[in-house]
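Each residue of the sequence shown is one higher than the last, beginning at 41 in this note's numbering. Beta carbons: idealized from backbone N, C-alpha and C, even for Gly. Remember, predicted model here, so these are calculated numbers, not experimental data. Report on one structure; see the data block that follows.
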Amino acid sequence: MRSSLRTSKRGGKPPLSERRSGFTQMRTQLPALLLSAVLLLIWQLGAAAVNLPHLFPSPAAILVRTWELRESLILHHLPVTLYTVIAGWGLAIAIALFLAVLMHVSERAEACIYPALVVTQTIPVMCISPLFVLWFGYTQAARLTAVVLSTFFAITLNTFEGLRRTDREKVELMRSLGATRGQIFRYVEVPSALPLLLTGLKMTLPWAVIDAAVAEWLGATQGLGYFSKRMISKMDGPAVFAPILVLTVFVLIEMAVLNAIDRKAAFYRNEL
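In structure tokens form, the structure reads like this:
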């Protein structure tokens, strides 16, 4: 009761420890924000000095052009690119989790699959993307294939390493207590793999966005990559950068979501 009265007298302010943690986070992010502001200022001044907006547009010109093209970018082209990113990345995650668990439970599967995974990464996906267009045409399948091939390996490897680093003493303790294989997997191995799995997701999200845009550039009739390519033919420099700005905002939002999931996962691991 006294604590609630003190809280009401203070106008519902959060505890001092929470306010300090928020201040600490702001102070930690301040150098990055200042560096970004300095780089944007240098870019703005450099663009003004060069005065070639069709080749080297300023950040201000890009913002203005993005706002002018907002309807076409956000309503028409962005959903197409988002579908490619989310569907391709989601399919890569599903394949990666299946392969990682399969290699973890079977040494024979690991011996067969792991070398093949390494071989797939020796081939630059962007170099063979034109082949996907040749095989599948200007279809969604070609773009999804490019996203999947460029992202699933890192997720597979990180998840497999996380499962392999499971504390063996905890596993033996669970077995001594009569835990089943499924219970050990759920309560010991999954929490062990979560940090590296989330690291793999954070690594591959920008790759998925980049590869989706490049695949649209090489062979598509809509999407942000296609839009940027079309604007190059019109020598509209700010419009070329407009899709990049939209995709950057999308990646920042998704990274914030992944960081929030990472914090929740840390809480989940601590509770087990």
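Is the Cβ of Gly86 closer than 7 Å to any Cβ of chain C?
Looking at the structure shown, chain C is missing, and only one protein chain is on hand.
Exposed or buried, what is Ile163 when buried is set at 16 or more other beta-carbons lying within 10 Å of its beta-carbon?
Residue numbering aside, residue 163 sits at position 123 when the sequence shown is read from its first letter. Answer is exposed; the Cβ neighbour count stays below 16.
Under the three-state reduction of DSSP, which class applies to Pro231: helix, strand or coil?
In the sequence shown, the residue the question calls residue 231 occupies position 191. Helix.
First and last residue of the alpha helix (DSSP H) that includes Thr4?
Residue 4 cannot be examined here, being either before or after the span of the chain that is shown, 41 to 312.
Select from Glu229, Leu197, Leu131 the residue whose C-alpha is nearest the C-alpha of Glu209.
Against the sequence shown, residue 209 aligns to sequence position 169. Among Glu229, Leu197, Leu131, the Cα nearest to that of Glu209 belongs to Glu229.
Identify whether Gly52 lies in helix, strand or coil by the three-state DSSP scheme.
One-based indexing of the sequence shown puts residue 52 at position 12. In this prediction, Gly52 has a pLDDT of 48, which is less than 50 and means its spatial position is unreliable; nothing more can be read from the coordinates.
Please report the Cβ distance between Leu197 and Ala305, rounded to the nearest whole angstrom; I am assuming they are in contact, meaning their Cβ atoms lie under 8 Å.
In the sequence shown, residue 197 corresponds to position 157, counting from 1. In the sequence shown, residue 305 corresponds to position 265, counting from 1. Actually they are not in contact, since the Cβ atoms of Leu197 and Ala305 sit about 19 Å apart, beyond 8 Å.
Going by alpha carbons, who is nearest to Leu292 out of Asn91, Phe192, Lys242?
As a working note, residue 292 is residue 252 in the sequence shown. Checked all of Asn91, Phe192, Lys242; the closest Cα to Leu292 is Lys242.
Which of helix, strand or coil does DSSP assign to Ile301?
By 1-based counting over the sequence shown, the position of residue 301 is 261. Three-state result, Ile301: helix.
Based on Cα-Cα distance, which residue from His94, Leu74, Tyr266 lies nearest to Ser112?
Translated into positions along the sequence shown, residue 112 becomes position 72. With distances taken between Cα atoms, Ser112 lies closest to Tyr266.
Assign Phe138 to buried or exposed, taking buried as 16 or more other Cβ atoms, counted over all protein chains shown, within 10 Å of its Cβ.
Within the sequence shown, residue 138 is the residue found at index 98, counting from 1. Result: exposed.
So, is His34 buried or exposed, given that buried needs 16 or more other C-beta atoms within 10 angstroms?
Because the chain is modelled from 41 through 312, residue 34 falls outside the range shown and cannot be assessed.
Counting only runs that start and end within the stretch 61-136, where is the alpha helix (DSSP H) found for 4 or more residues in a row?
99-108
For Ile82, count neighbouring C-beta atoms within 10 Å of its own C-beta (all shown protein chains included) and say buried if the count is 16 or more, exposed if not.
Here residue 82 corresponds to residue number 42 of the sequence shown, with the count starting at 1. Ile82 is exposed by the Cβ-count criterion.
Compare the Cα-Cα distances from Ala87 to each of Ser76, Val78, Ala100, Leu75 and report the closest residue.
Locating residue 87 in the sequence shown gives position 47, counting from the first residue. The option with the nearest alpha carbon to Ala87 is Ala100.
Work out the CA separation of Ala279 and Leu194 for me, nearest whole Å.
For the purposes of this step, residue 194 is taken as residue 154 along the sequence shown, with counting starting at 1. For the purposes of this step, residue 279 is taken as residue 239 along the sequence shown, with counting starting at 1. The amino acid at residue 194 is misidentified as Leu; the sequence shows Ala. Taking the straight line joining both Cα atoms gives about 33 Å.
Measure the alpha-carbon distance for Ser216 versus Thr206 and round it to whole angstroms.
Counting from one through the sequence shown, the residue named residue 216 turns up at place 176. Counting from one through the sequence shown, the residue named residue 206 turns up at place 166. If I take the Cα positions, the gap works out to 16 Å.
Select from Leu142, Ala186, Tyr178 the residue whose C-alpha is nearest the C-alpha of Ala127.
For the purposes of this step, residue 127 is taken as residue 87 along the sequence shown, with counting starting at 1. It is Ala186 whose Cα lies nearest to the Cα of Ala127.
Identify whether Ser169 lies in helix, strand or coil by the three-state DSSP scheme.
On the sequence shown, residue 169 is found 129 positions in, with the first residue counted as 1. If DSSP states are grouped into helix, strand and coil, Ser169 belongs with the helices.
For the structure I just gave you, are there three or more beta carbon pairs, one from the stretch 164-171 and one from the stretch 245-265, closer than 8 Å?
yes
Starting from Thr261, trace the alpha helix (DSSP H) both ways and give me its first and last residue.
In the sequence shown, residue 261 corresponds to position 221, counting from 1. From DSSP, Thr261 is part of no alpha helix (DSSP H); its letter is neither H nor E.
Is it true that the CB of Phe192 sits closer than 7 Å to the CB of Ile135?
Walking along the sequence shown from the start, residue 135 turns up at place 95. Walking along the sequence shown from the start, residue 192 turns up at place 152. Taking 7 Å as the Cβ cut-off, Ile135 and Phe192 qualify as a contacting pair.
Between Leu189 and the rest of its own chain, which residues show a CB-CB distance below 6 Å, the 5 nearest in sequence each way excluded?
The residue given as residue 189 occupies position 149 in the sequence shown. Closer than 6 Å at Cβ, skipping near neighbours: Val165.
Just checking my contact of Ala255 with Ala181 at CB under 8 Å: how many whole Å lie between their CB atoms?
Stepping through the sequence shown from its first residue, residue 255 is reached at position 215. Stepping through the sequence shown from its first residue, residue 181 is reached at position 141. Not a contact, Cβ separation roughly 11 Å.
Considering Cα atoms alone, identify which of Val141, Ala132, Ile284 is closest to Gly222.
Position 182 of the sequence shown, counted from the first residue, corresponds to residue 222. The candidate whose alpha carbon is nearest that of Gly222 is Val141.
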